[in-house]
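Residue numbers (this note's numbering): 229 to 418.
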Ligand code: UP5
Ligand code: MG
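This is the structure:
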């Protein structure tokens, strides 16, 4: 992947901060391919793979799936796709995810797009999403918030220390958030 000149942007933010919604806009306007780690894991459950039950249980508990599983799915998706620029949404979720991805792929992100949003707003969005996700119930949502604070925010801090984080106030309406997203991408024209 690295030899192919593949470029990666990590799209991070709490559960319900709008990662998937804004990635769809970025794909439309900037020609990236969107890879949601959560979507890839949910597809793996549906496909009836050997890891399916383990993944399903972890998502139900808001826990982070072992990085080897997620990285394999991300690598496969990138290799199967002809594009050379990818939005990786919802990954890496902890320090171990981050280190393993860099170790395996030798790829460092161009930058990290971080959607900053309050828990109250994220909770409201998740409870009204109604797409039948196993983890959109208040018990699991609380667990997801806790894991985000304890394990995922440190990843954002790690990249922040390297000046690689572009933060967007994600608590505003979808089109206003996208205006800020466009500014974050304006220095990445290709
Ligand atoms: N919405 C979006 N933007 C809005 C706005 N500006 N104003 C008002 N409403 C807005 O949006 C959520 C909802 O809010 C939607 O109804 C949308 O219309 C509305 P969405 O764009 O879906 O937000 P997103 O940030 O993508 O929320 P998501 O729930 O997908 O985030 P999570 O990070 O919780 O979920 P993910 O799928 O990434 O992961 C799920 C689980 O998989 C994890 O908890 C974990 O168990 C597992 N996982 C891993 O183990 N490893 C990984 O690497 C990835 C996932
Ligand atoms: Mg999502």
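Every residue, glycine too, gets a C-beta built ideally from N, C-alpha and C. Just so we're clear, the structure is a prediction, and the values are computed from it rather than from any experiment.
Check                                                                                          : Outcome
4 or more residues per run - each alpha helix (DSSP H) lying fully within the region 245-289   : 247-258, 265-274, 280-288
Inside the region 309-346 only - alpha helix (DSSP H) runs reaching at least 4 residues        : 323-333
Cβ-Cβ distance between residue 322 and residue 380 below 8 Å                                   : yes
Reference residue 400, options 230, 346, 365, 390, closest by Cα                               : 346
Distance cut-off 7 Å: residue 266 Cβ against heavy atoms of the ligand MG                      : yes
DSSP state of residue 375 mapped onto helix, strand, coil                                      : helix
Reduced DSSP secondary structure (H/G/I, E/B, other) of residue 235                            : strand
Same chain, Cβ closer than 7 Å to residue 398, neighbours up to 5 away in sequence not counted : 241, 245, 246, 343, 344, 345, 405
Reduced DSSP category for residue 229 - H, G, I as helix; E, B as strand; rest coil            : coil
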